[in-house]
Amino acid sequence: MDDIIGISKDRLKEAIIELIRRASAVLPEDVVERLKTMRDLEKPESRARRTLDSIFTNIEMAENASRPICQDTGTVTFDIEYPFGMRQSDIEQAAREAVRAATSKNYLRPNVVDSLSGEIKGDNIGAGHPAIYYEQSDGDIFKVMLVLKGGGCENVGAQYSLPRPDMGAGRDLNGIKKVCLDAVETALGRGCAPGVLGIGIGGDRSQSYKLSKHQLHRKINDVNPDPRLAELEEWLFEKGNKLGIGPMGFGGETTLFAVKAGVMDRIPASYFVAVTYMCWAYRRRSMTITNGEVSYD
Ligand code: SF4
Numbered sequence: 003m004d005d006i007i008g009i010s011k012d013r014l015k016e017a018i019i020e021l022i023r024r025a026s027a028v029l030p031e032d033v034v035e036r037l038k039t040m041r042d043l044e045k046p047e048s049r050a051r052r053t054l055d056s057i058f059t060n061i062e063m064a065e066n067a068s069r070p071i072c073q074d075t076g077t078v079t080f081d082i083e084y085p086f087g088m089r090q091s092d093i094e095q096a097a098r099e100a101v102r103a104a105t106s107k108n109y110l111r112p113n114v115v116d117s118l119s120g121e122i123k124g125d126n127i128g129a130g131h132p133a134i135y136y137e138q139s140d141g142d143i144f145k146v147m148l149v150l151k152g153g154g155c156e157n158v159g160a161q162y163s164l165p166r167p168d169m170g171a172g173r174d175l176n177g178i179k180k181v182c183l184d185a186v187e188t189a190l191g192r193g194c195a196p197g198v199l200g201i202g203i204g205g206d207r208s209q210s211y212k213l214s215k216h217q218l219h220r221k222i223n224d225v226n227p228d229p230r231l232a233e234l235e236e237w238l239f240e241k242g243n244k245l246g247i248g249p250m251g252f253g254g255e256t257t258l259f260a261v262k263a264g265v266m267d268r269i270p271a272s273y274f275v276a277v278t279y280m281c282w283a284y285r286r287r288s289m290t291i292t293n294g295e296v297s298y299d
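Note that this note's numbering gives residue 152 to position 150 of the sequence shown, counting from 1, and the numbers run on in steps of one.
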């Protein structure tokens, strides 16, 4: 590992612990800025405004104390790009040890339980946790993208198989719009609105979910390079915020603070649309290592 990315396995583990601390305690700047913009659109003294003010108090306290923004530190999901020559088993060991250490430092709540018995694992290490996805990069870049996703917002995610005649949703962009709005209406503020929609169109069931989750790595202000998806994102953002659900479902203008969509090809028999919902505690961070230099975003 030393000769490929310029740092040892131990140093990589330490770097990932810091990545987890940043993700858990400090919301990304673009997220905070967008939430502030949305708060300022709410009427003074409204419940929506007061709720968003409380959220900002929470954000500041967590950052100052370097403590988790929310008690549910969620599923720990890594998307890792690594250069040729690195062994996945080495990366996995560093990532798992980092999660264990971050849990003992209280950056993560000991969340993971045995699915059948409910027994608490205590260190957040188990079968399938942390979730780690790998992709080999072309160059010598090593990048770790991390999302901590709470259960409340994960539970209101949805997947639709089009057409859905009961909803008047066909196999086209209008159908996609209808089912995505349905997901927001069904959530009704649960999963801690305001939130971000990640949408995955096409593929098989697992691919569409994966694609929808991958959208969460995008910046709030980026513009989709596909004009059809850019229009879809804008439309859903506007219509979603006209539903009046508001922060935590208390009513108001701010139900969504971003919408991000991706598309992949499919077979003719299937047309899946997956909607991943991410709460206001939008804990995503990334880390890049080049020639032994670690940088965080
Ligand atoms: S949905 Fe998000 S803000 Fe709400 S409890 Fe879960 S992690 Fe926390």
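No residue lacks a Cβ here, since even glycine has one placed at the ideal position from N, Cα and C.
Give me the DSSP bridge partner(s) of residue i.
i	result
residue 145	83, 290
residue 295	292
residue 274	163
residue 138	84
residue 133	79
residue 128	131
residue 115	122
residue 285	150
May I ask you to check if the CB of residue i is nearer than 7 Å to at least one heavy atom of the ligand SF4?
i	result
residue 248	no
residue 189	no
residue 200	no
residue 251	no
residue 283	yes
residue 182	no
residue 264	no
residue 55	no
residue 76	yes
residue 159	no
residue 152	yes
residue 170	no
residue 193	yes
Do the CB positions of residue i and residue j come within less than 8 Å of each other?
i	j	result
residue 161	residue 211	yes
residue 194	residue 154	yes
residue 183	residue 241	yes
residue 158	residue 192	yes
residue 213	residue 264	yes
residue 12	residue 85	no
residue 51	residue 259	no
residue 76	residue 151	yes
residue 185	residue 277	yes
residue 275	residue 222	no
residue 266	residue 209	yes
residue 19	residue 291	no
residue 257	residue 269	no
residue 101	residue 71	no
residue 97	residue 134	yes
residue 147	residue 92	no
residue 179	residue 234	yes
Comparing C-alpha positions only, which one of the options sits nearest to residue i?
i	options	result
residue 125	72, 274, 105	105
residue 67	15, 23, 152	23
residue 189	238, 250, 261, 21	250
residue 78	132, 270, 286, 198	132
residue 215	286, 61, 8	286
residue 293	145, 44, 71	145
residue 164	139, 70, 205, 198	205
residue 232	256, 16, 63, 200	200
residue 282	266, 74, 14, 95	74
residue 177	147, 238, 137	238
residue 284	42, 15, 55, 61	61
residue 21	225, 44, 257, 81	81
residue 297	17, 3, 10, 5	17
residue 65	91, 97, 25	25
residue 107	87, 69, 92	69
residue 130	156, 119, 59, 94	94
residue 138	90, 175, 28	90
residue 288	40, 83, 166, 120	83
Within the segment 140-190, ranges of the beta strand (DSSP E) (whole runs, at least 3 residues): 144-151, 160-163
Continuous beta strand (DSSP E) assignments of at least 3 residues falling wholly in the segment 195-280: 197-203, 258-265, 274-280
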